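K.L.:
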Amino acid sequence: MLFKQFTLKTHQLRNRLVMAPMTRNRATEDNTPNALMAEYYRQRADVGLIITEGTSPSPNGLGYARIPGLFNEQHVAGWRLVTDAVHARGAHIFVQLMHTGRASHVDNLPEGARVVGPVAEAMNGGIYTDTAGMQPASTPHALSEEEIAATVAEYAHSATLASEAGFDGIELHGANGYLIEQFLNPNVNTRTDAYGGSIDRRNRFALEVARATAAAIGADRVGIRLSPYGAFNHTGAFDDVKPQYEALAGELGTLRLAYLHLVDHSSMGAPTVPARFKAALRTAFAGTYIASGGFDLGAADKIVREGEADLVAFGRPALANPDFATRLKKGIPLNAPDSDTFYTAGEHGYTDYPPAMAS
Ligand SMILES: Cc1cc2nc3c(=O)[nH]c(=O)nc-3n(C[C@H](O)[C@H](O)[C@H](O)COP(=O)(O)O)c2cc1C
């Protein structure tokens, strides 16, 4: 079943394997994608769909060292290397738009940019910088309603540039405690204006971004990733999680987005997302559903066969195996990921994982 084709709106995916978005911090010059990154994605283009690493739609969203951006023509030219390399091998590719918001340090930002968030409260955690190592996260500037509108427009502009760069679509990073989830989560978002204080108000920013990007490039080309129950970047549990995310999934469904991509990081120590809750979100969204987090071949095959997911995203196994889909199909053992090189610059631990066969 996993190796059968799948129709994702206008895209015919060659199989149901998805490479999960993974930040790899190799955009060493001006947050611009390069030939090394193109080679990394090219190697992994035997899956049906690649979702790129988190990529900022704004100078303000480049809160980590060496992450790529997608807000100027230089970025477009860099990403074109990647999309061409992936398409030449018959895979599809969406770029994940990740605005780091308050999960950021000002030293990582280009000149003139600033750390922003729903409120002016620093995240209780550290951020790595190339200049001074680990640093406490910077205190964000609380976005005004006018600035929120400008931020939404940055996402829409970035979506347009994604099309120009040859991407098949974009994935909005609404998970893992970045800007969109900072608005969703009441432990972070304590605003009392139109963007905070109730379920609908907390969902508003996510929905505005979804509508604006769908208007820019078509809803068929916009997916979204969500992580209810996630704890990453100091978000944490809250009472209304169920009604809030059901309402959100329902509204995203009416927009007819390409897919809903759900994160369950219980395999990485996060709280489990209850199975019944996942099923309720899937029903509320009523479109293509991607499951992710801790899957191996057997579990992925089972969830697709039993109809509980349409596609399955793999993170660390795809990171460590340039010929990931081919290995799964042929039952070839997988390389183990090396976490020491997840976020370091250069090709080591990036493009030098050995292939089982010439890829
Ligand atoms: C090195 C690394 C970087 C990651 N970066 C991102 C990211 O940029 N965006 C995102 O949504 N998830 C990110 N994740 C989470 C993965 O997409 C995935 O959900 C997680 O690894 C669990 O899946 P797995 O058990 O198949 O690895 C990252 C994970 C790893 C290991």
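The C-terminal residue of the sequence shown carries number 1635 in our numbering, and the numbering is unbroken. By construction, the Cβ of each residue, glycine as well, lies at the ideal position given by its N, Cα and C atoms. Since this is a predicted model, take the numbers as computed values, not measurements.
How would you call K1285, buried or exposed, if buried means at least 16 neighbouring beta carbons within 10 angstroms?
P.N.:
Classification for K1285: buried.
K.L.:
Quick check on Y1471: does DSSP put it in helix, strand or coil?
P.N.:
Looking at Y1471 - three-state DSSP - the assignment turns out to be coil, as it is neither helix nor strand.
K.L.:
Quick check on DSSP: helix, strand or coil for I1424?
P.N.:
In this structure, I1424 counts as helix in the three-state DSSP scheme.
K.L.:
Take D1306 as the anchor and find which of M1374, E1430, V1352 has the nearest alpha-carbon.
P.N.:
Closest option to D1306, Cα to Cα, is V1352.
K.L.:
Give the secondary structure of G1607 by DSSP, where H, G and I count as helix, E and B as strand, and everything else as coil.
P.N.:
In the structure shown, G1607 sits in coil (DSSP, three-state: anything other than H, G, I, E or B).
K.L.:
Under 8 Å Cβ to Cβ from S1635, same chain only, skipping five residues before and after it: list those, please.
P.N.:
Its pLDDT being 43, under 50, S1635 is placed unreliably by the model, and nothing is read from it.
K.L.:
Rounded to the nearest angstrom, how far is the Cβ of L1289 from that of H1368, given a contact under 8 Å?
P.N.:
Indeed they touch by this definition, with Cβ atoms about 6 Å apart.
K.L.:
Please determine, among A1562, K1605, R1592, the residue with the shortest C-alpha to C-alpha distance to E1584.
P.N.:
The shortest Cα separation from E1584 among A1562, K1605, R1592 belongs to A1562.
K.L.:
Judging by CA-CA distance, which residue of T1627, A1632, Y1619 is the nearest neighbour of G1330?
P.N.:
The residue with the shortest Cα to Cα distance from G1330 is Y1619.
K.L.:
Whole-angstrom Cβ separation of F1370 and L1325, contact assumed at under 8 Å?
P.N.:
Between L1325 and F1370 the Cβ distance is about 7 Å, and since that is below 8 Å, they are a contact.
K.L.:
Just checking H1449 against ligand 1 - is the residue's beta carbon closer than 8 Å to any of the ligand's heavy atoms?
P.N.:
H1449 Cβ: within cutoff of ligand 1.
K.L.:
Do T1405 and N1384 come within 9 Å of each other at the CB atom, strictly closer than that value?
P.N.:
Yes, Cβ-Cβ distance for N1384 and T1405 is below 9 Å.
K.L.:
Taking buried to mean at least 16 other C-beta atoms within 10 Å of its own C-beta, is G1607 buried or exposed?
P.N.:
Exposed is the call here.
K.L.:
Residues in the same chain with beta-carbon distance under 8 Å from A1621, minus the five sequence neighbours each way, listed in chain order, please.
P.N.:
Excluding positions up to five away in sequence, the list reads N1301, R1302, T1304, R1342.
K.L.:
Are M1374 and G1337 touching if we call contact CB-CB under 9 Å?
P.N.:
Their beta carbons are under 9 Å apart, which means M1374 touches G1337 by this criterion.
K.L.:
Using only the alpha-carbon positions, how far apart do A1482 and I1500 sit?
P.N.:
If you take the alpha carbons of A1482 and I1500, they lie about 9 Å apart.
K.L.:
Quick check on the DSSP output: what are the complete beta strand (DSSP E) runs of length 3 or more inside the region 1280-1317, in order along the chain?
P.N.:
You should have 1282-1284, 1287-1289, 1293-1295.
K.L.:
Taking H1287 as the reference, give the member of A1525, F1443, E1421, A1507 with the closest Cα.
P.N.:
Of A1525, F1443, E1421, A1507, the residue nearest in Cα terms is F1443.
K.L.:
Hey, would you say V1498 sits closer than 9 Å to A1507, going by beta carbons?
P.N.:
Contact: no.
K.L.:
How long is the line joining the alpha carbons of A1418 and H1381, rounded to whole angstroms?
P.N.:
When rounded, the distance between both Cα atoms is 15 Å.
K.L.:
Roughly how many angstroms separate the alpha carbons of E1387 and V1580, rounded to a whole number?
P.N.:
Using only the alpha carbons, I get a separation of about 46 Å.
K.L.:
So, helix, strand or coil for M1544, using DSSP?
P.N.:
M1544 falls in the helix class under three-state DSSP.
K.L.:
Residue range of the alpha helix (DSSP H) that Y1565 falls in?
P.N.:
It is not in any alpha helix (DSSP H) - Y1565 instead sits in the beta strand (DSSP E) that spans 1564-1568.
K.L.:
Just to check my reading of the structure: G1472 and N1465 have Cβ atoms closer than 8 Å, yes? What is that Cβ distance to the nearest angstrom?
P.N.:
That pair is a contact at about 5 Å.
K.L.:
Leaving out the 5 sequence neighbours to the left and right, which residues in its chain are closer than 8 Å to G1402 when beta-carbon positions are compared?
P.N.:
Once the five neighbours on either side are set aside, the close Cβ partners of G1402 are M1410, Q1411, P1412, A1413.
K.L.:
Taking 8 Å as the cut-off, is the C-beta of H1541 nearer than that to any heavy atom in ligand 1?
P.N.:
Checking every heavy atom of ligand 1 against the Cβ of H1541, one is found closer than 8 Å.
K.L.:
Could you say if the region 1437-1456 and the region 1543-1560 meet the contact criterion of at least three C-beta pairs nearer than 8 Å?
P.N.:
Short answer: they don't touch.
K.L.:
Would the C-beta of Y1619 count as close to ligand 1, meaning under 8 Å from any of its heavy atoms?
P.N.:
At least one heavy atom of ligand 1 is nearer than 8 Å to the Cβ of Y1619, so yes.
K.L.:
Could I get the ranges of all uninterrupted alpha helix (DSSP H) runs contained in the region 1386-1449, with 4 residues as the minimum, in chain order?
P.N.:
As far as the region 1386-1449 is concerned, its whole alpha helix (DSSP H) runs of at least 4 residues are 1421-1440.
K.L.:
Considering only heavy atoms of ligand 1, does any lie closer than 8 Å to the CB of S1332?
P.N.:
The answer is no for S1332.
K.L.:
Starting from the C-beta of E1430, find all residues in its chain whose C-beta is less than 6 Å away, skip the five residues before and the five after it, and write them out in chain order.
P.N.:
The residues are P1333, S1334.
K.L.:
Does the Cβ of T1427 have 16 or more other Cβ atoms within 10 Å, making it buried, or fewer, making it exposed?
P.N.:
Buried: at least 16 other Cβ atoms inside 10 Å.
K.L.:
Which same chain residues, not among the five before or five after P1631, have their C-beta less than 6 Å away from its C-beta?
P.N.:
Closer than 6 Å at the Cβ level, and outside the excluded window around P1631, lie P1598, D1599.
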